[in-house]
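Data first, discussion second: the structure below is written as structure tokens.
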Amino acid sequence: MSNRIQIIEEILHAFHTIRNITKTKAASLGHQNHITHSQWFVLTIIEHFKKTSIKHIAESMEMSSSAATQLVDGLVQNGYVTRQEDPNDRRSVQIEISPKGKKYIVTTKERRIVEMAEIFDALTDKELEEFVQLFKKITSKFSNKKS
């Protein structure tokens, strides 16, 4: 096995370990208002676009409209998002984040930053900057393909 493959296996193991650490921390916090990972993505999509449709959410998440509707229904039931009739097209419904949803996003982002800061305390500031640059290099390769 080549050295590059061994290094990639080490990276995969490190990613898995970080994922387990963050999942364990999230579980230990015991949020009673916890939402699923998929619902979190829906919230971030809506946050980005301010108002959006089920169709747009489904396309963004590469899923069926019925699956997106189920995710949104759970968020509506928990008070994180609201449905508003589009004044320009009564057949269309716009989804937007409620004040409770906005508060949840802020507190969740703050909590995640604290969790990740603890993980990345192992790196110096210079190493962390290099890490970010390497990640940007990797992700830019894929974001350029979508354009």
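Under the UniProt record's numbering, think of the first position of the sequence shown as 1, with each following residue one higher. We treat Cβ as the ideally placed atom computed from N, Cα and C, and that holds for glycine.
Excluding its 5 nearest sequence neighbours in each direction, Lys136 has no C-beta neighbour in its own chain below 8 Å. With a beta-carbon spacing of about 20 Å, Ser65 and Lys50 fall beyond the 8 Å limit used to define contacts. Of the residues assessed, Gln6 falls on the exposed side of the cut-off, its CB having fewer than 16 other CB atoms within 10 angstroms.
The criterion of a C-beta distance shorter than 8 Å is satisfied by Ile95 and Val72. For Glu62, there is no enclosing alpha helix (DSSP H), as DSSP marks it with neither H nor E. In the structure shown, the three-state DSSP call for Lys102 is helix.
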